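Position 13, counted from 1, in the sequence shown is what full-length UniProt numbering calls 13; the numbers after and before it change by one each time, with no gaps.
Cβ atoms here follow ideal geometry from the backbone N, Cα and C, with glycine treated the same way.
Bear in mind the structure is a predicted one, so any value in this text is a computation, not a measurement.
Presented below is the structure to which this report refers.
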Amino acid sequence: MPHLTLPDGARLAYEMLGSEHFSRNSLPIVFVGGASNVGRDFEPLAISLARVRPVLLYDIRGIGHSTMTGEEYTVDLLARDLLALLKHVGWKKLAICGFSMGGTIAQSLIFLPFHATAPESLPFVVTHVVFASSLCSVITDQNYGLRVRPVRRPKENTRPERNVSKAAFRSAFDPRWMEDPRNEARLNYWIQTSTIGRFDLGNHYHKLSRDTRFLVIHGSLDAILPPSCSEEILQRIPWARKVEVGAYPGAVPTLEFGHNCFDYFDIQIWHDVIEMFLVVLPKL
Numbered sequence: 001m002p003h004l005t006l007p008d009g010a011r012l013a014y015e016m017l018g019s020e021h022f023s024r025n026s027l028p029i030v031f032v033g034g035a036s037n038v039g040r041d042f043e044p045l046a047i048s049l050a051r052v053r054p055v056l057l058y059d060i061r062g063i064g065h066s067t068m069t070g071e072e073y074t075v076d077l078l079a080r081d082l083l084a085l086l087k088h089v090g091w092k093k094l095a096i097c098g099f100s101m102g103g104t105i106a107q108s109l110i111f112l113p114f115h116a117t118a119p120e121s122l123p124f125v126v127t128h129v130v131f132a133s134s135l136c137s138v139i140t141d142q143n144y145g146l147r148v149r150p151v152r153r154p155k156e157n158t159r160p161e162r163n164v165s166k167a168a169f170r171s172a173f174d175p176r177w178m179e180d181p182r183n184e185a186r187l188n189y190w191i192q193t194s195t196i197g198r199f200d201l202g203n204h205y206h207k208l209s210r211d212t213r214f215l216v217i218h219g220s221l222d223a224i225l226p227p228s229c230s231e232e233i234l235q236r237i238p239w240a241r242k243v244e245v246g247a248y249p250g251a252v253p254t255l256e257f258g259h260n261c262f263d264y265f266d267i268q269i270w271h272d273v274i275e276m277f278l279v280v281l282p283k284l
């Protein structure tokens, strides 16, 4: 896979599908995954969409073929990584599909021009955004979320701090896995990323252009993020719309699906949901 080397030395692995459609002026789309997704998790849908438009898949830093550095792992950092990647590919107009925490990264990206201390202009226009099983604020309901207790990222990799950090993850991994030196790098990743669930996107929603279209997808059976997370997105972006339910192209047959929404139903259903959103004008 091609890589982009970031200013801090981290490397982002990415893959471009459907590049032959650039000459047709088809709107390209990038898939942004969560803290436990590799880009190729979206391949079934991406390959289908790549029949008609360019599709960009990538591994966020520290995941899959992408590397990470000692930078504090935050949503803001991941949004700036995405900005660097999109600058690199050179798209001038694009759509984003943000899954789970990837939707939060997408929000952070489009808010970068309004950042209080380090604003960044976007050299492209984001015309469409899909939020799939996503959120816009920290989960407070203890019945949801990954069953890993958040911990403070250690400033130095000292043994006492390391032991405290490891203790927080013992409910997620068995003791043999925890002590196996072959898993050291992966455990370091989980320790560093444990802070990603604590973020503040600010109140910039009213600054967004009404020309930017938003689609919200969330299953009623999601056990990771409650459906109320997407209801909050709909409240903050009043012109966003929820995926329709029905037996016609662009709709899903039911909202009874879990967190990994794109693993439910025939892939053609999701293809049509995305395509209809990107190419059909909204009803007035």
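Straight-line gap, residue i to residue j (C-alpha atoms, nearest Å)
i, j, result
"T200", "L135", "First, the residue type needs correcting, since residue 200 is Asp and not Thr in the sequence shown. Looking at the two C-alpha atoms, the distance is approximately 11 Å."
"Q235", "N25", "33 Å"
"V130", "R11", "26 Å"
"C261", "V89", "28 Å"
"P119", "K93", "20 Å"
"R40", "G102", "14 Å"
"T74", "E20", "35 Å"
"R51", "I274", "13 Å"
"F31", "N37", "11 Å"
"L109", "L4", "18 Å"
"L56", "L27", "12 Å"
"G18", "R176", "43 Å"
"S228", "V243", "15 Å"
"P181", "H206", "49 Å"
"T117", "I224", "32 Å"
"D278", "S209", "Note on residue identity: the sequence assigns Leu, not Asp, to residue 278. So the two alpha carbons sit approximately 17 Å from each other."
"R241", "E179", "47 Å"
"L112", "H218", "25 Å"
"S133", "N183", "29 Å"
"V216", "P226", "13 Å"
"H204", "G33", "22 Å"
"S48", "F265", "14 Å"
Selected residue, minimal CA-CA separation from residue i, among the options
i, options, result
"P7", "D41, S66, G64, D81", "D81"
"G64", "E179, R53, A35", "A35"
"S100", "S230, F265, K242, I237", "S230"
"residue 306", "T212, S137, V243, A13", "The chain is shown from 1 up to 284; residue 306 falls before or after that span and cannot be answered."
"Y14", "E43, I233, G62, Y58", "Y58"
"L122", "Y264, A247, L83", "L83"
"P54", "I29, I217, N183", "I29"
Check: residue i C-beta below 7 Å from any heavy atom of the ligand ADP
i, result
"S36", "No copy of the ligand ADP occurs in the structure displayed, which carries no ligand at all."
Residue i, DSSP secondary structure in three states
i, result
"C229", "helix"
"H65", "coil"
"V52", "coil"
"R210", "coil"
"T5", "strand"
"L17", "strand"
"L57", "strand"
Chain-order list of residues whose beta-carbon lies under 8 Å from that of residue i (same chain, five-residue window excluded)
i, result
"V245", "A251, V252, P253, T254, L255"
"T127", "L27, K93, L94, A95, D211, T212, R213"
"L221", "E256, F257, G258"
Contacting residues, own chain, Cβ-Cβ under 7 Å from residue i (five flanking each side not counted)
i, result
"residue 292", "This structure cannot settle anything about residue 292, because the visible part of the chain is limited to 1 through 284."
"P249", "D272, M276"
"F124", "L86, W91, K92, K93, L94"
"Q107", "C136, L201"
"D76", "S108"
"residue 290", "Beyond the ends of the chain as shown, which are 1 and 284, falls residue 290; an answer cannot be given."
6 Å CB neighbourhood of residue i in its chain, flanking five on each side removed
i, result
"I60", "L78"
"L146", "Only weak support is given to the placement of L146: the predicted model assigns it a pLDDT of 46, under 50, and the question is left unresolved by the model."
Bridge-paired residues (DSSP) for residue i
i, result
"V75", "Note: V75 sits in no beta bridge, so no partner."
"K92", "In DSSP, K92 forms no bridge with anything."
"H128", "A95, R213"
"R11", "T5"
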